[in-house]
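To start, the structure under review is shown below, and the notes come after it.
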Amino acid sequence: MSDSTLSSRTVLVTGATSGIGFEAARQLAEHGATVLLHGRTAEETRAAADRLIAEAGVKAEQLATYYADFGRLEEVEALAHTVVAAHPHLDVLVNNAGMAAPERHTVTADGNEIAFQVNFLAHYLLTCLLEPALTGAPGGRVVNVSSSLHRTGSIQWADPNRARRYSRLAAYAQSQLALTVFAADPRVTAASVNPGVCDTALLPLYAHEGVSPAEGAAHVVRLCDPAVEIVNGAYYDRAERVDPAPAASEDRTIRRLNKLADLLVGRTA
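Following this note's numbering, the numbering of the sequence shown begins with 187 at its first residue and continues without gaps.
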């Protein structure tokens, strides 16, 4: 990857205050990209930017900070409008923010199961609202940071909030499957990537040990590079393109998920 291919790119990374998101932001900035850091609060996001400047030698003018709690869709909407106002042209959106589903069934103020909202619905809404900025010029793309656990997931169409039968692993897997299916939406060129098992806050869902977040982030950053061609809906297991779960490329499932997501985030056609 050369600095020249990323140096003119503007990239928004959600969940950029720790783990894979922070390391992806660092690597993108080191390759010369302008990086829009998203965090849950203004304080967390500013601290992440300060760390990048102090520890990685990133130039302050390469960074901009934004915040929104993905547990509140009105904050996601406000984030999108603020980003578009400042950056009417956006080259890449990295949908990375994520959480483990809690032990107990938890519903957001918007009425959605929390992992489904934070991991998928918030990113769905953000992507839809940023579509004009991403498609205003050729080459705009979305990179969804997914998981191998999407293969174990199923979308409970009649009960997406899993109110009747809750399991934290099933809820998390459903959110990752939905995010992977969403990459095949035709509106914006998008791909999903499983960065591998990394030593982040989500590690307990997968294993006892994992590779460094920087190693996982490198697979995400590679897909942000315009020199790397991606096919809409492609799924990468680290650096290798492989087939996702069968549901992720079914037209019917893609349409059905969009309809469900529009309903849950309050978007009207």
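Glycine included, each C-beta is placed from N, C-alpha and C at the ideal position.
- prompt: Quick one, which of GLU426, ALA370, SER398 has its alpha-carbon nearest GLU436's?
  reply: Of the candidates GLU426, ALA370, SER398, the residue whose Cα lies closest to the Cα of GLU436 is ALA370.
message: Only counting the same chain, and skipping five residues up and downstream in sequence, which positions put a Cβ closer than 6 Å to that of THR196?
response: Excluding residues within five positions, the ones whose Cβ falls inside 6 Å are THR220, HIS273, LEU276, ASP277.
message: Less than 8 Å between the beta carbons of TYR422 and PHE368, yes or no?
response: Not closer than 8 Å, so no.
message: Give me the residue from VAL407, GLY382, CYS410 with the minimum Cα distance to SER398.
response: Nearest of VAL407, GLY382, CYS410 to SER398, Cα basis: GLY382.
message: Please state the DSSP three-state secondary structure of LEU409.
response: Helix, per DSSP.
message: Using the Cβ count rule (16 or more neighbours within 10 Å means buried), how would you classify PRO346?
response: That one is buried.
Bounding residues of the alpha helix (DSSP H) (the contiguous stretch that carries ALA376): Run containing ALA376: none in the alpha helix (DSSP H); it sits in the beta strand (DSSP E), 376 to 380.
message: According to DSSP, is LEU222 part of a helix, a strand, or is it coil?
response: In this structure, LEU222 counts as strand in the three-state DSSP scheme.
task: Counting only the same chain and skipping the five closest in sequence on each side, list residues whose C-beta sits under 7 Å from that of ARG373.
output: These residues qualify, in order along the chain: GLU317.
field: Same chain only: Cβ atoms within 8 Å of ILE300, ignoring 5 sequence neighbours per side
entry: Counting only residues of its own chain and dropping the five nearest sequence neighbours on each side, ILE300 has a CB closer than 8 Å to the CB of GLY257, MET285, ALA287, PRO288, THR292, VAL293, THR294.
message: Quick check on the burial criterion: 16 or more other C-beta atoms within 10 angstroms. Buried or exposed for VAL262?
response: Classification of VAL262: buried, given that the 10 Å Cβ count is 16 or more.
task: Output the boundary residues of the alpha helix (DSSP H) element that contains ARG237.
output: Note, ARG237: alpha helix (DSSP H), 228 to 242.
- prompt: For VAL417, is the classification buried or exposed, using 16 other Cβ atoms within 10 angstroms of its Cβ as the cut-off for buried?
  reply: That one is exposed.
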